[in-house]
Amino acid sequence: MMNRTLNQMAWRNIWRNKTRSLVFMGAALLGFAVALFTLNTMKAIAAQRLRDAINVQTSDVQVHRKGFVDDHELTYTLPQADALITRLRQTSGVAVVAKRLVVNGVVTAPDNNLVGEIKGVVPRDENRLSVLGDFLVEGGPLTDDGRSPILISRRTADKLHVRLKSKLVITVKAANGDLAGGVFRVVGIFATPSTPFDENTVLVRYNDLAALTGVTAPHELAVKLTNPSQLAEVKAAINAGMPAGTQLDDWKVLLPELFAFDGFINMVGILFTLIISLGLGFSLMNTMNMIVAERTRELGMLRAIGQSRWSVFRMLIAECVLMMLIGAIGGVLLGTVFIGLAARYGIRISEGLGMLGIRPVMYPTLDPALLFVILGLATLLTLLISLVPASRILRLNLAQALKQ
Amino acid sequence: MPVIDIQNLSKVHAADGLSVNAVNGVNLQIGAGEFTAIVGASGSGKTTLLNLIGGIDTPSGGEVLIGGRSIGRMSETERTAFRRDHIGFVFQNYNLLPVLTALENVEFVMELQGQPVTDRRNRAETLLRQIGLGDKLNVRPGKLSGGQQQRVAVARALAHRPQFVIADEPTANLDSKSTADLLTLMEQLNRQEGITFLFSTHDSRVMEKARRVIVFNDGMIQSDTDQ
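So the sequences go chain by chain: B and U.
According to our numbering, the first sequence is numbered sequentially starting from 758.
According to our numbering, the second sequence is numbered sequentially starting from 2.
Set out below in structure tokens:
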């Protein structure tokens, strides 16, 4: 019962100085709203970048001959590839397996040329595995129909001054050591969020590239999982029956900068939230110090008539926690509204961040776990910060306090 | 046995390298049902003496025995509980809790004691009606006059049926009418219910009402007379 009265007193005490309490709660509200919005947006950027890179560039897991990842040597093809593909497709948790030829070559147009990575893909499998089709801005995906089709990026098209249906010559090193060239016709133009991928990659049909190079066995098997969160389990299952001389890598190894970026984003988010929290913490400490200074006589009177020091201490802590929680809950609600609006209308981010694989418009989503992180942080912070001014109550000299 | 038995009590205040004997070797007994005033000039040590008797301050020497128990030898926790259960306080500045209503203020100490809600509510209502504030039960102190606030403070001091009430300059901030009303109320409670009152004052009207007047000067009892 006493707890109820103490909480009631704490609540009423908040409103004794409405302006001061509202200023503090307003600061907490805005601080936590901005923190929630920023954290969710940063997480969404990291998640989008990761999702796009995995779905377009690497897939969840890749199988290569040992050494191929470091040196794209034409002869580093996978041994017993057909048997391996069959086994992979039978592995639980594997959704799609697509074989690829990956060759460095020169793409030549009448006005210009560039050096890049030529990927030979099986259209039917690749279209199930990759979401590159979602980023087509002109034309269509690779199919089994037509003669020597090629997909290039918008950046490549602009650099080579070509367009849909233009002809390009691809020159590569063949298996016999000679240079081999072939004519391809642009059937589709894509624009992914990743500038490096767009500037360095063109896609042709597997059989066309095999015919050009004389290499028939794949360099790479891209594997898409049914559930990406089961990465470790599926990797273990695949690894158990891998032929000698091959290696299995997941996206964390294949895209190390992306993995590092994910960690960096998380760290920046935590730092940002800590800075906001520290600002609020000092504000709270200042408010609490003023409260204790203003109410010294009253707090002394409470002690004099028989309220224990810990009970008075708890009442002050409750007052702080209530103020901070009101601000934090308001901030969470406001932040949620911001995120809802951003999810609907998008946030325009600099085009230049395409170099980092970040889309120009972001649509953040709310991570419910972050709501609890924010509220938990607010409570913990308040408890820690309010201990300092509230502890003055424990050392209060009653006779001195009553004189004030 | 006296309610309050003070033996060779002293209190030395030290500040800026100076020592001041605020209370200096005081011996005093207060019996049950007394209505005693401690009078003296400002700085004479009245408030310090009351603080020592009420367990708000601790003595430098000597003892304060209340019902035979030495309040100075209690731990801080014991002393807090002792104040809550055995002593009523009335302060010069009323010191009501501004966020509680008159009724809640009077109930507060009883609630600290853990009394059942019905009992304490009935007791608080009865007391407030008895002191003429039956129509102000749910009014907060800010909406009451000084005299009304001090009457609520008296009700709060009496609510938990303490052994005695300490009142430090209870009329210092009151006008003459409120002073007269408050004195009449305290005197009535003393005569009718036998409540022991010990109060400090330098107000001649209060001294006239007291049945025992102790004159305090330089931390020592100068005279102690019954009227």
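Note that beta-carbon positions come from the ideal geometry of N, C-alpha and C, so glycine has one too.
In this structure, DSSP gives Lys210 (chain U) a helical state, which the three-state scheme calls helix. Between Leu925 (chain B) and Val943 (chain B) the beta-carbon gap is near 7 angstroms, inside 8 angstroms, which marks them as a contact. Residues Ala792 of the same chain have their beta carbon placed closer than 6 angstroms to that of Thr1030 (chain B), with the five preceding and five following residues left out of the count. Pairwise C-beta distances place the region 69-87 of chain U out of contact with the region 1026-1044 of chain B, as fewer than three of them are shorter than 8 angstroms.
For Thr762 (chain B), the residues of chain U that pass the 7 angstroms Cβ criterion are Glu112, in the order they occur in the chain. In the structure shown, Pro142 (chain U) falls within a helical segment according to DSSP collapsed to helix, strand and coil. Counted as a single uninterrupted DSSP element, the stretch harbouring Asn94 (chain U) is not any beta strand (DSSP E), since DSSP gives it neither H nor E. As for any beta strand (DSSP E) of minimum length 3 sitting wholly inside the region 114-201 of chain U, the runs are 165-169, ordered along the chain.
Here Leu858 (chain B) really is in contact with Pro975 (chain B); their C-beta atoms are around 6 angstroms apart, less than 8 angstroms. Annotation for Ser1040 (chain B): the continuous alpha helix (DSSP H) segment containing it runs Pro1013 to Glu1051. Taking one beta carbon from each stretch, the region 55-67 of chain U and the region 92-110 of chain U have fewer than 3 pairs nearer than 8 angstroms; the two do not touch. Collapsing the DSSP output to three states places Leu1128 (chain B) in a helix. Contact of Phe217 (chain U) with chain B is not assigned, every C-beta pair being separated by 8 angstroms or more. Among the residues facing chain U, Gln805 (chain B) is not included, as its CB has no counterpart in that chain under 8 angstroms away. When DSSP states are grouped into helix, strand and coil, Asn812 (chain B) belongs to the helix group. Residues of chain B whose Cβ lies closer than 8 angstroms to the Cβ of Ile57 (chain U) are, in chain order, Ala1061, Leu1155, Ala1156 and Leu1159. Straight-line measurement puts the Cα of Thr1139 (chain B) at about 46 angstroms from the Cα of Gly220 (chain U). Thr928 (chain B) is positioned such that its CB atom lies no closer than 8 angstroms to that of Asp809 (chain B). Cβ contact annotation for Ala1061 (chain B) (same chain, cutoff 8 angstroms, sequence separation greater than five): Leu1155 and Leu1159, in chain order. Taking 8 angstroms as the cut-off, the Cβ atoms of Val919 (chain B) and Ala866 (chain B) count as close. Under the 8 angstroms criterion on CB atoms, Ala125 (chain U) is classed as non-interfacial with respect to chain B. Interface annotation, Phe90 (chain U): in contact with chain B, CB-CB separation under 8 angstroms.
Rounded to whole angstroms, the separation of the alpha carbons of Leu796 (chain B) and Glu977 (chain B) is 36 angstroms. Apart from sequence neighbours up to five positions away, the residues of its chain that approach Met1080 (chain B) with a beta-carbon distance below 7 angstroms are Ile771, Ser778, Phe781 and Met782, ordered along the chain. Shown here, Glu895 (chain B) sits in a strand according to DSSP, grouped into three states.
Residue range Arg1066 to Tyr1102 is occupied by the alpha helix (DSSP H) that includes Val1078 (chain B). In the structure shown, the three-state DSSP call for Asp839 (chain B) is helix. From the listed residues U:Ala23, U:Gly69 and U:Gly68, the smallest Cα separation to Leu51 (chain U) is found for U:Ala23. If only uninterrupted beta strand (DSSP E) runs of at least 3 residues are considered, those enclosed by the region 42-117 of chain U are 62-67 and 88-91. Put simply, the backbone Cα of Thr900 (chain B) is about 5 angstroms away from that of Pro880 (chain B). Unbroken alpha helix (DSSP H) runs of no fewer than 4 residues, entirely contained in the region 847-895 of chain B, are found at 880-886, following chain order.
The three-state reading of DSSP puts Val820 (chain B) in strand, counting E and B together. Taking CB atoms only, Asn770 (chain B) has a neighbour in chain U less than 8 angstroms away. Rounded to the nearest angstrom, the Cβ distance from Gly788 (chain B) to Gly1063 (chain B) is 39 angstroms, too far for a contact under 8 angstroms.
Around the beta carbon of Ser951 (chain B), a 10 Å sphere encloses 16 or more other beta carbons of the protein chains shown; the residue is thus reported as buried. Nearest Cα to Gly148 (chain U) within the set U:Ser11, U:Leu97, U:Asn25 and U:Ile39: U:Leu97.
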